[in-house]
Amino acid sequence: MFFRQRAAANATLSYFFGCAGLHKAVAVDVVTGDEDWFIQEAEKAGARIAHVIDTHVHADHYSGGLELARRVGAPYYLHESNKGRVSFDFSPLTDGQRLESGNVLVDILHTPGHTPDSVCLVVRDLRRGDEPWFVITGDTLFVGAVGRPDLAGQEREMAAQLYDTLQTKLLTLPAELEIYPGHQAGSACGAGLSGKPASTIGFEKRFNPMLTMARESFVEALTAEIPPQPADLARIMEANLRGIAPELTVAGVAR
566 MFFRQRAAAN
576 ATLSYFFGCA
586 GLHKAVAVDV
596 VTGDEDWFIQ
606 EAEKAGARIA
616 HVIDTHVHAD
626 HYSGGLELAR
636 RVGAPYYLHE
646 SNKGRVSFDF
656 SPLTDGQRLE
666 SGNVLVDILH
676 TPGHTPDSVC
686 LVVRDLRRGD
696 EPWFVITGDT
706 LFVGAVGRPD
716 LAGQEREMAA
726 QLYDTLQTKL
736 LTLPAELEIY
746 PGHQAGSACG
756 AGLSGKPAST
766 IGFEKRFNPM
776 LTMARESFVE
786 ALTAEIPPQP
796 ADLARIMEAN
806 LRGIAPELTV
816 AGVAR
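In our numbering, the protein residues as written are 566 to 820.
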C-alpha cells in the first residue's frame with residue numbers, strides 16, 4: 566500500500582492511498598486547488614484514481630473532490646443522505662458498504678454527529694492481512710478532540726448523536742487501529758485539536774477528554790465550547806452543495 570497525508574489550507578488534512586500492485590488509488594477530502602497534486606501523486610505511484618470521497622459536505626473549505634473525479638473519470642462519493650440536497654450526481658455511500666481498490670478495501674461507517682452525512686473510512690490492506698489498518702475519521706474524531714455539533718443546527722441533538730456514534734462505532738474498533746482525522750490544530754471544525762496529525766483508537770480512548778465522559782456530560786461540554794463558525798460558511802456550503810469550484814488567488818487560497 567502507498568499512503569500520503571496532505572496538509573492543505575485551513576488545517577485540513579487530505580488523503581491519497583491505494584494498492585501499488587494493482588495500481589488503484591483513493592482520494593479523500595480533496596481541497597480545491599489540490600487536484601493537480603493528487604493527479605501527480607497518482608502518476609508517481611503508477612495508479613489510477615478509482616474512488617474520490619468526501620467524508621461530508623464541508624463547511625470550512627471548498628471541496629475539490631467533484632472536480633478531481635471529473636478530471637480523472639472516477640466516481641465521486643458522498644453519503645446517501647445528500648440525495649436531493651446537492652445539485653449534482655454522485656455515487657451514494659451507505660453504512661457497511663465496501664469499496665475495492667485492488668488489495669486495499671475501504672469499509673464505510675456512517676458516523677453522524679458533526680453533520681448528518683458524516684462518514685468514516687475503515688481501511689485494510691489484504692497483503693498484510695484481513696484486519697483493518699487505519700480509519701480516516703473526517704471531522705468526527707480528531708486527535709485530542711471531537712467534531713463540532715452545530716453546523717447543521719440543533720447542536721444539543723447533534724452532540725448527543727455524536728456521542729452515540731463515537732461510543733458505538735469508532736470506539737468499538739481495535740485499540741491499535743491508527744486514526745487519521747480531517748483536521749489538525751488551527752481548524753474551526755472543533756475545539757482543542759492537537760497539532761499531531763495521527764493517533765490510535767486506544768490512545769484517544771485513554772487521553773482524549775471528550776471520550777471519557779458520560780453522555781449528558783459530553784453534550785454539556787461539547788455545546789459549551791463551540792468555536793466561532795468558519796468564515797464564509799454560507800458561501801462555502803452553497804458552493805459545495807452546487808459542486809462549483811471557486812476561483813483561486815495566485816497563492817492558491819480559495820475565495
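We put the beta carbon where it would ideally sit given N, CA and C, even for glycine.
In this structure, does DSSP put residue i in helix, strand or coil?
| i | result |
| --- | --- |
| F603 | helix |
| F568 | strand |
| Y627 | coil |
| S652 | coil |
| R807 | helix |
| A823 | No answer is possible for residue 823: it lies beyond the span of the chain, which begins at 566 and ends at 820. |
| P697 | coil |
| R635 | helix |
| I801 | helix |
| L691 | coil |
Alpha carbon to alpha carbon, what distance is there between residue j and residue i?
| i | j | result |
| --- | --- | --- |
| K609 | L736 | 35 Å |
| A576 | H623 | 13 Å |
| I801 | P795 | 9 Å |
| A607 | R689 | 19 Å |
| I701 | R692 | 19 Å |
| G611 | H588 | 6 Å |
| S646 | C584 | 29 Å |
| R820 | L664 | Confidence in R820 is poor, its pLDDT being 36 and thus under 50, which makes the residue's placement unreliable; the coordinate value appears in the next sentence. When rounded, the distance between both Cα atoms is 33 Å. |
Tell me whether residue i is buried or exposed, calling it buried when 16 or more other Cβ atoms sit within 10 Å of its Cβ.
| i | result |
| --- | --- |
| E600 | buried |
| F772 | exposed |
| S628 | buried |
| P853 | Residue 853 falls outside the range modelled here, since the chain spans only 566 to 820, and no answer is possible. |
| D559 | For the chain, the structure presents residues 566 to 820; residue 559 sits outside this window and is missing. |
| D821 | The requested residue 821 does not occur in the structure, where the chain is confined to residues 566 to 820. |
| T733 | exposed |
Going by DSSP, what residue range makes up the alpha helix (DSSP H) through residue i?
| i | result |
| --- | --- |
| E665 | That residue, E665, is in no alpha helix (DSSP H); its beta strand (DSSP E) goes 663-666. |
Beta strand (DSSP E) containing residue i: first to last residue?
| i | result |
| --- | --- |
| S579 | 578-584 |
| V595 | Segment: none, V595 is in no beta strand (DSSP E) and carries neither H nor E. |
| H675 | 669-675 |
> Taking the runs of the beta strand (DSSP E) that are 3 residues or longer, which of them lie wholly in the stretch 699-772?
Replying inline: 699-703, 743-746
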